[in-house]
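Heads up: the sequence shown at position 236 corresponds to 236 in the working numbering, and the numbers run straight through without jumps.
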Amino acid sequence: MFTALPDCSLDRRRFLTTLLAGSAALAVGGLTGIRPARAASGPFTLPPLPYADNALSPAISAQTIGFHYGKHHQGYVNKLNELVAGTPLADQSLEAVIKTTADKADQIAVFNNAAQIWNHTFYWNSLRPQGGGKPTGALIQAIEKSFGSFDAFKAEFAKAAASQFGSGWAWLVKDGDGVAIRKTGNADTPAAHGQKPLLTIDVWEHAYYLDYQNRRVDYIAAVLDQLINWDFAARNLAA
Ligand code: MN
Numbered sequence: 001m002f003t004a005l006p007d008c009s010l011d012r013r014r015f016l017t018t019l020l021a022g023s024a025a026l027a028v029g030g031l032t033g034i035r036p037a038r039a040a041s042g043p044f045t046l047p048p049l050p051y052a053d054n055a056l057s058p059a060i061s062a063q064t065i066g067f068h069y070g071k072h073h074q075g076y077v078n079k080l081n082e083l084v085a086g087t088p089l090a091d092q093s094l095e096a097v098i099k100t101t102a103d104k105a106d107q108i109a110v111f112n113n114a115a116q117i118w119n120h121t122f123y124w125n126s127l128r129p130q131g132g133g134k135p136t137g138a139l140i141q142a143i144e145k146s147f148g149s150f151d152a153f154k155a156e157f158a159k160a161a162a163s164q165f166g167s168g169w170a171w172l173v174k175d176g177d178g179v180a181i182r183k184t185g186n187a188d189t190p191a192a193h194g195q196k197p198l199l200t201i202d203v204w205e206h207a208y209y210l211d212y213q214n215r216r217v218d219y220i221a222a223v224l225d226q227l228i229n230w231d232f233a234a235r236n237l238a239a
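This is how it looks when you write it as structure tokens:
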């Protein structure tokens with residue numbers, strides 16, 4: 001039930017990483033001066049950001065992107081490469097690693113890092129400059145079917161994101177002919193439980209603390225009003 005990540009098949013990832021590593025590093029380091037963590041060698045690579053590091057400002061600053069993408073996301077990639085080195089998991093796709101290690105107590109570190117790589121790539125694509133607004137077409141129909149109205153859905157989604165205790169994620173997932181809201185803690189991801197994610201909001205403190213400190217509610221409102229990428233969710237629903 002993994003929703004396809006844009007530009008993230010294993011071969012395409014390798015190709016794009018080779019091609020774009022320089023420009024992605026420039027985008028992240030260029031405006032903020034924050035250099036990405038050094039990439040470890042291994043089969044898994046950090047996908048390029050789908051926009052410049054200052055493209056989501058002021059709702060999410062270039063400084064937050066610099067740390068979140070350049071340090072946290074890259075850090076999960078580096079750690080996963082360390083953990084799978086010399087094991088059969090090194091030859092699997094990211095999605096296969098997540099499925100293989102889900103709910104296995106002795107593989108929790110591998111699962112956490114693999115799922116965090118996937119979740120963050122999905123999050124970057126769930127946002128866009130000049131996002132927000134309302135979805136259209138089949139997606140708004142599914143939302144209205146499940147929640148009555150878009151405003152009712154938006155309030156429920158914001159409440160779910162605000163009330164996830166500690167670190168985690170709020171998700172819109174496909175649910176039969178409609179859609180549903182899910183929360184996951186830490187690295188957990190709906191696709192590991194047979195659900196099809198349509199979009200997500202990262203509510204780990206590292207996603208908002210530099211810009212909003214303890215005001216998670218303000219971060220969620222800014223994301224929903226200014227950044228959420230309904231086209232991405234609509235494409236995932238249709239796929
Ligand atoms: Mn994060």
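Where a beta carbon is used, it is the ideal one built from N, C-alpha and C, also for glycine.
With a cut-off of 7 angstroms, the C-beta of A161 is classified as distant from the ligand MN, since no heavy atom of the ligand falls inside that distance. When only Cα atoms are considered, Y51 and E156 end up about 28 angstroms apart. Under the DSSP assignment, V217 falls in the alpha helix (DSSP H) whose first and last residues are 216–222. If you look at I60, you'll find it isn't in any beta strand (DSSP E); DSSP assigns it neither H nor E.
Within the chosen limit of 7 angstroms, the ligand MN does not reach the beta carbon of D53 with any heavy atom.
For W230, the distance from the CB to the nearest heavy atom of the ligand MN is not below 7 angstroms.
The region 103–120 and the region 184–201 touch, with no fewer than 3 CB-CB distances between them shorter than 8 angstroms. The alpha-carbon of D175 is positioned some 14 angstroms away from that of A234. The criterion of a C-beta distance shorter than 8 angstroms is satisfied by I220 and A161. Around the ligand MN, the residues selected by a Cβ distance under 6 angstroms to any of its heavy atoms are H68, H72, H120, D202, W204, H206, A207, following chain order. Our two residues, R215 and S61, have alpha carbons roughly 15 angstroms apart in a direct line. For the pair A85 and I98, the CB atoms are not nearer than the 8 angstroms cut-off.
Under the 10 Å beta carbon count, K79 is surrounded by 16 or more other beta carbons and is classified as buried. Annotation: the continuous alpha helix (DSSP H) that includes T121 extends over 108–126. For L5, the secondary structure class from DSSP, reduced to helix, strand or coil, is coil.
Looking at I65, Q164, W171, the one whose alpha-carbon comes closest to that of F153 is W171. In the pairwise beta carbon analysis, the region 224–232 is classified as touching the region 124–143: at least three pairs are separated by under 8 angstroms. In this structure, DSSP gives K145 a helical state, which the three-state scheme calls helix. Separation of A105 and V173 (C-alpha to C-alpha, rounded to the nearest whole angstrom) is 26 angstroms. Taking C-beta atoms under 8 angstroms as the contact rule, T200 and N119 qualify, at a distance of about 7 angstroms.
Ranked by Cα distance from S57, the options D231, F150, Q164, Y212 are led by Y212.
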